[in-house]
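Okay, structure first, notes after.
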Amino acid sequence: MQAVRLTEIGQPLEMQEIPTPSLGDQDVLVRVRAAGVCHSDAHYRAGTSPVAQLPITLGHEVAGTVERTGDEVSGFSAGDRVAIHYLATCGECHYCRLGYEQFCLTGQMIGKHRDGGYAEYIAVPARSVVPLPADIPFEAGAVMMCSTATSFHALRKARLQPGESVAVYGAGGLGMSAIQLARAFGALQVYAVDIDAGRLAMAEQLGAAPVDAAHLDPVASIRRLTSGKGVDVALELIGLPSTMQQAVRSLAIMGRAVLVGITDGSFPVRSYTEVLGKETEIIGASDHRIVELPLLFEFVRQGRLDLAQVITRRIPLDAAATNDALDNLQRYGAGVRTVIVP
Ligand SMILES: [Zn+2]
Ligand SMILES: [Zn+2]
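Residues 748 to 1089 in the numbering used here are what the sequence shown spells out, letter by letter.
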């Protein structure tokens, strides 16, 4: 089969002819119909985030149809429409048994630790496969496997209640889903904080009140917009210590700040005035759970989450076009999402 692969760090991806993956008894072979090109893939290509081995087929946002199933697989048959959870998990460790498979002790991320979806076919354990409803396009199913699902998990971790207010720090790929989902969860007011005028305009179209952090202090702006109260939930989707601190400082009494953006940096917190005296909470959210995916599909089916305007470009399975999409992500260029449609 054909696969677009990373063969050398810092070099363009290459098209290679490789054997179609062999199937274990509990595996499913999926014919890839859509694979999202993600900013993480640009980090893998550049070497700023390490892959497990070379060469490797990138791509962790994958949807397609079942081609073949292993001997012990039940519940799937050839032709089924499916989406693939980003982790191949053991299914047996403490965390897998609890349904928190993002902490699986031996979990392997597709497109990072093992071959991913920039290919004609991908093999994964059947437990990593979820049925994709007929009325959700493969492209939407694929991009939902990463940023959308992560935003969904973060809002669930925030225990967002109907009638509450939300500040979304970072109106990029994660933020666009978070804004729509927060409204679907019943948030009365959603504030989108960003420094980019284009992203703020798009956030406003989705129903968020824009908060321009390029020219004004977003914490002061949110205080002003909420009559001094602050927000009940603040999501930090950027991964900067400074915006994490702003998220905490935006909180109302008993507010919850959820940290999603990745950094190992630290930020100071005033123990009394910012946390214990207000009974606020600082919550971590890491990726998402497989049980959340069918629920997320329902939000799309009911029109509460629209990903049509998020997918801005479709390309064939082609190394040059994929490299071009990754270059664009590296430059933080225009457009939100490219999807490979093999
Ligand atoms: Zn991704
Ligand atoms: Zn496990």
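Even glycine gets a Cβ: it sits at the ideal position worked out from N, Cα and C. A quick note: this is a predicted structure, and the numbers were derived from the prediction, not measured.
Boundaries of the beta strand (DSSP E) harbouring aspartate 774: 774-784, taken from the DSSP string. For methionine 1001, the enclosing beta strand (DSSP E) stretches over residues 998-1006. Under the DSSP definition of a beta bridge, glutamate 1028 partners with Arg1003. If one requires a minimum length of 3 residues, the beta strand (DSSP E) runs lying completely within the region 1008-1089 are 1028-1031, 1058-1062 and 1084-1087, in chain order. When distances are taken from the beta-carbon of glycine 846 to the heavy atoms of ligand 2, even the shortest one reaches 7 Å or more.
Inclusion of glutamine 749 and glutamate 764 in the CB contact set at 8 Å is warranted, their separation being smaller than that value. Under the three-state reduction of DSSP output, glutamine 908 falls in the coil class, being neither helix nor strand. For methionine 856, the secondary structure class from DSSP, reduced to helix, strand or coil, is strand.
Each of Thr836, Cys837, Gly838, Glu839, Cys840, Tyr842, Cys843, Glu848, Cys851, Leu852, Thr853 and Gly854 has a C-beta closer than 7 Å to some heavy atom of ligand 2; these make up the full list, in chain order. For tyrosine 868, the enclosing beta strand (DSSP E) begins and ends at 868-872. Not one heavy atom of ligand 1 falls within 7 Å of the beta-carbon of histidine 790.
Contiguous beta strand (DSSP E) elements confined to the region 929-988 occur at 936-941, 956-959 and 978-983, taking only those with 3 or more residues.
Put simply, of Asp1074, Ala1066, Ala956 and Ile1058 the residue whose alpha carbon is nearest the alpha carbon of glutamate 808 is Ile1058. With 16 or more other Cβ atoms inside 10 Å of its own Cβ, glutamine 993 counts as buried.
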